[in-house]
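Below is one structure, written out as structure tokens; comments come after it.
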Amino acid sequence: MELKLYNSMTQQKEIFTPKVPGKVGMYVCGVTAYDLSHLGHARAAVAFDVLYRYLQHLGYELTYVRNFTDVDDKIIRRANELGENPLSLSDRYCQEYLIDMADLQCLPPTHQPRVSDHMQQIKDMITQIINNDCAYIVDGDVFFAVDKSPNYGQLSGQKLEHTRAGERVAVDSRKRNPADFALWKAAKPDEPSWDSPWGLGRPGWHIECSAMSAHYLSFKFDIHGGGIDLIFPHHENEIAQSCAACQESNVSYWMHNGHVTNNNEKMSKSLGNFFTIRQITEQYHPLALRHFLTSAYYRSPLNYTVLQLESASDAVFYIYQTLQDCKVALSSFREGNLKEGTGLKDGKVPRITPAAQDCINKLGSEFQSRMSDDLNTSHILTGAFQDALKFINSSLNMLKKKLPKQQQLSMFQSLVELEKEVKSVLDILGLTPPGTYSEVLEQLKAKALKRAGLVEEDVLRLIEERVTARKNKDFARSDQVRADLSAKGIALMDEGRETSWRPCVPVEQEQKVAPTVEEQKAAATGEEQKAC
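Residues in the sequence shown are numbered from 33 upward in steps of one, following my numbering.
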């Protein structure tokens, strides 16, 4: 299937065709490093990481650039508040951001340039814009003249006559047009500054991305991405100044991810309703957060709720518990065959069952169809993916029974192939755990205990109390222990005479958003005949 991407410039989905066959240049606007990054930053990073991974999966050779803004008014204000050097402060938060990205399993871009390291490229571009009569100098400041940009507003639809000073455009009486914006700002006391042909100063916000994208990707490249809030003024101004510096400047696809909302209100630092990535990953596994972020189409608003994160955490636990069970079963089966000397005859790999092949085909087809349609990840981890997990669980149940050897071998090979397909989907979505499945499951359980305000000894003590209550036929107390733990996100599972526990969506938060692990496994049992 041909990959289609939504182009914000044309406001339609277009077949992706790179400028150079087999190669892709992609620039994504990164963070302004003055504080810990929040959930909105995580969404942008994960959205474009999925694109990066998928393009690699399709065989493209990528040059992926994501910048750091480490020279900015916000950084200077924050540094002054803390009595810290602005560049030291921004460097610290750049490093913190990289830690968050590693936790979220975002692959490192090819280049991660910082403004402070690219002053020469920025000054060279400003000089070119001045030489092309598209900027003017006032008292050491350099302003871009938007009147010189005939297509200004082409990305955002913003009309010059509608651009009023004070509304995302700085008020300055020295401007020829209220919409003109700073390319270079004259130095102020106690601010970092660099020498330039116009005197000491520092860059304006927009020029950095034009200069750094041109430096690493040239003036013509394939994809420019960022949050939807960057369309105006940032990306609009980027286009204007890049075209002023080089008339042949061109980006093929402008891509923007939607806002993260909190109770349906945009999440932002200015509104004070945001959560940092670190605040969330202290309570939830980073893979649960990534699952949550990929659960919606990247262009749609994503509403943050605790219930959504609980559901994502539960879904992730089910995925890795299924894969762990599969891994253990396959390992045991291989060892059993070696001991019995009943390996594959003549080295021939047994055929997988028709039902397994159908499951694999549906998973692959659905995944490719949704990803090719502008990376629509919203239902990838439901539908055929969930059917695949159910099939694995039903097959594992069947393998516990006494079956003819050839049927066992066929089911074994079916599990091998299906597991491979499931892992491929997870890998492209960035949901393959960095460690073993069992390690991730333990980490998920530890996070659940933390949210519940318990330690495992508390749970084990309550399990023993419940066992005693059942022996004494005190079923009211037995049920109460189970209910109390369920309300805290701890589910008890009785298997024969043994009781174990796993995380679950806390009962009072559960609004039937998705089947529980037990419900999914029960449904899988009903699929056993299909596995045959």
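By construction, the Cβ of each residue, glycine as well, lies at the ideal position given by its N, Cα and C atoms.
Sequence-distant residues of the same chain with beta carbon closer than 7 Å to residue i, five excluded per side
| i | result |
| --- | --- |
| W286 | N39, S40, M41, L187, H256 and H267 |
| C82 | The displayed chain sequence assigns Val, not Cys, to residue 82. Result list for V82: T326, L407, T409, L461 and G462, in chain order. |
| A328 | L334 and S410 |
| S446 | I384, T385, A388 and S427 |
| A484 | K520, G521 and I522 |
Member of the options whose CA lies at the smallest distance from the CA of residue i
| i | options | result |
| --- | --- | --- |
| C536 | Q353, D459, S401 and L428 | Q353 |
| G290 | M299, V283, S284 and N282 | M299 |
| A344 | I107, F80, P538 and S518 | P538 |
| D102 | S148, A243 and G304 | S148 |
| V56 | S427, L232 and Y248 | Y248 |
| G236 | K36, I384, L68 and D104 | D104 |
| N99 | A501, T159 and S242 | S242 |
| P265 | S284, I239, V283 and A276 | I239 |
| Y96 | E113, Y86, Q144 and L319 | Q144 |
| L362 | N296, S427, F444 and S401 | F444 |
| H288 | S250, Y330 and V491 | Y330 |
| D459 | A167, Y86, Q512 and G415 | Y86 |
| P224 | D67, E471, I107 and K51 | I107 |
| Y168 | V472, A276, P140 and Y316 | A276 |
| I161 | C278, K51 and E93 | C278 |
| L262 | I47, G62, S510 and T500 | G62 |
Own chain partners of residue i with C-beta closer than 6 Å, once the 5 adjacent residues on each side are dropped
| i | result |
| --- | --- |
| K155 | S228 |
| Q137 | G462 |
| S181 | A272 |
| F80 | V60 and G257 |
Whole-Å CB distance - residue i paired with residue j, under 8 Å assumed
| i | j | result |
| --- | --- | --- |
| G259 | A74 | About 11 Å; that fails the 8 Å criterion. |
| K252 | S274 | Not quite, the Cβ-Cβ distance comes to about 10 Å (not below 8 Å), so this is no contact. |
| C391 | A347 | C391 to A347, Cβ: 19 Å. No contact. |
| D254 | M58 | 6 Å |
| I412 | V457 | 7 Å |
| N269 | F213 | 6 Å |
| H70 | K301 | 7 Å |
| L341 | P465 | Wrong, their Cβ atoms sit about 18 Å apart, outside the cutoff. |
| D67 | Y125 | 6 Å |
| Q315 | K482 | 7 Å |
Cα-Cα separation between residue i and residue j, rounded to whole angstroms
| i | j | result |
| --- | --- | --- |
| V60 | G528 | 54 Å |
| L215 | E116 | 26 Å |
| A523 | F507 | 17 Å |
| D123 | L441 | 56 Å |
| T49 | Q88 | 15 Å |
| A272 | Y184 | 6 Å |
| Q190 | F175 | 19 Å |
| A134 | K479 | 18 Å |
| A399 | T468 | Reading off the sequence shown, one finds Phe at residue 399, where the question assumed Ala. Looking at the two C-alpha atoms, the distance is approximately 24 Å. |
| D222 | Q152 | 22 Å |
| E542 | I312 | Reliability fails at E542, whose pLDDT of 46 lies under 50, so the model's placement of it is uncertain and no value is given. |
| E449 | G304 | 48 Å |
| K220 | T293 | 37 Å |
| L486 | D132 | 26 Å |
| L192 | I158 | 22 Å |
| K394 | K452 | 14 Å |
| E488 | Q44 | 52 Å |
| L502 | I495 | Residue 502 is actually Arg in this sequence, not Leu. One C-alpha to the other measures close to 11 Å. |
| E367 | S332 | 48 Å |
| V356 | L321 | The question names Val, but residue 356 in the sequence shown is Gln. About 21 Å. |
| K434 | T531 | 26 Å |
| Q389 | M430 | 17 Å |
| K437 | V491 | 41 Å |
| N296 | A416 | 30 Å |
| L517 | M33 | 47 Å |
| Y84 | L37 | 13 Å |
| F365 | W533 | 26 Å |
| Q475 | V283 | 42 Å |
| A211 | V178 | 7 Å |
| R206 | T414 | 57 Å |
| M244 | T64 | 15 Å |
| H118 | S250 | Per the sequence shown, residue 118 should be read as Pro rather than His. Roughly 30 Å between the two C-alpha positions. |
| S510 | L473 | 26 Å |
Close-in-space but distant-in-sequence residues of the same chain around residue i (CB under 8 Å, 5 per side omitted)
| i | result |
| --- | --- |
| A218 | D171, G172, D173, W230, G231, L232 and G233 |
| R514 | R498 and L524 |
| L114 | L121 |
| G396 | E453 |
| E358 | A quick correction: the sequence has Cys, not Glu, at residue 358. Excluding sequence neighbours, C358 sits near I424, L428, L447 and E451. |
| G72 | G259, H291, V292, M299, S300 and F306 |
| H150 | E240, A243, M244 and H247 |
Inset, instruction - Please go through the stretch 242-309 and give each complete beta strand (DSSP E) segment of 3 or more residues, from N-terminal end onward. - result: Correct list: 252-259, 282-289 and 292-294.
Legend entry - Inside the stretch 115-195 only - alpha helix (DSSP H) runs reaching at least 4 residues: If we require 4 residues or more, the alpha helix (DSSP H) runs fully inside the stretch 115-195 come out as 118-135 and 151-163.
Inset, instruction - Entirely within the stretch 429-497 and at least 4 residues each: give me those alpha helix (DSSP H) ranges in chain order. - result: Runs of the alpha helix (DSSP H) lying entirely within the stretch 429-497 and spanning at least 4 residues, in chain order: 437-460 and 469-484.
Legend entry - Contained beta strand (DSSP E) runs [length at least 3] in the stretch 204-246, N- to C-terminal order: Runs found: 213-218 and 233-235.
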